[in-house]
């Protein structure tokens, strides 16, 4: 008989954000919804998340529904377990921000641990990948190498150019680079164009972007930026 290996998800970064106890608890909730409705959609989740102690004192069910609709207005779209986990992480991040928590803190709730401390070793490995593969890029070479000890990675991600270029490293030719706005200073509309291009292209190469909106990338929300970069790099490996 094979030994029990716990709940496994395909994205190592996503797996690292949870303990096995948390994954089993969340998997149970996901299966419960799927059993009740036959599938799981965003529309099913507000009462599920609102009923969790981690969120019940932070957000109302209506607030959660609003959050879930920000990055994708199709609340009836079916989602898988990994998308469910990413939506959960997004709510965690909002809870940390609302509570005034520092990025380097681990905030305890009754039944869960907030895992939004930046994993510096993972961040450093992503930075090394970027510095290696994009060092000769005509536009990015002025901004590289990135120092992993700073927030330069997130600052550079805000205009969308880095993420688009990284997608083309993973799957060459995915994006026609003439479509990327690459001025040194972009206006909000140009940034939004880049991030829309990035998200559509990331989805096309197999990344899960169900919980990420263009505004999240414009703001360079660390856990979402690192999660997306992790997926893009995984595709290239």
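Numbering (my numbering), first residue to last: 20 to 256. Ideal Cβ placement from N, Cα and C applies to all residues, glycine included. Since the structure is predicted, the reported quantities are computational estimates derived from the model, not experimental observations.
{"Query": "Alpha-carbon spacing of residue 125 relative to residue 146, whole angstroms", "Result": "For residue 125, the predicted structure reports a pLDDT of 34, less than 50, and the residue's modelled location is therefore unreliable. The matter cannot be settled from this model."}
{"Query": "Collapsed DSSP secondary structure at residue 54 in the structure displayed", "Result": "helix"}
{"Query": "Cβ neighbours of residue 101 in the same chain (closer than 8 angstroms, five flanking residues each side left out)", "Result": "28, 29, 30, 33, 227"}
{"Query": "Cβ neighbour criterion (16 or more within 10 Å) applied to residue 156", "Result": "buried"}
{"Query": "Buried or exposed by the 16-neighbour rule on C-beta atoms within 10 Å, applied to residue 257", "Result": "As displayed, the chain neither begins before 20 nor continues past 256, which places residue 257 out of reach and without an answer."}
{"Query": "Contained alpha helix (DSSP H) runs [length at least 4] in the region 131–195, N- to C-terminal order", "Result": "139–152, 171–176, 180–189"}
{"Query": "Local conformation of residue 227 per DSSP, three classes", "Result": "coil"}
{"Query": "Inter-residue Cα distance where the pair is residue 191 and residue 254", "Result": "11 angstroms"}
{"Query": "Residue from 63, 248, 241 with nearest C-alpha to residue 80", "Result": "63"}
{"Query": "Distance, residue 205 Cα to residue 199 Cα", "Result": "11 angstroms"}
{"Query": "The alpha helix (DSSP H) enclosing residue 89, as first and last residue numbers", "Result": "80–89"}
{"Query": "Cβ neighbour criterion (16 or more within 10 Å) applied to residue 225", "Result": "exposed"}
{"Query": "Where the alpha helix (DSSP H) containing residue 252 begins and where it ends", "Result": "241–255"}
{"Query": "Test item: CB-CB of residue 112 and residue 214 under 8 angstroms", "Result": "no"}
{"Query": "Supposed contact pair residue 53 and residue 230 - C-beta distance, whole angstroms, cut 8 angstroms", "Result": "Actually they do not touch by this definition, with Cβ atoms about 18 angstroms apart."}
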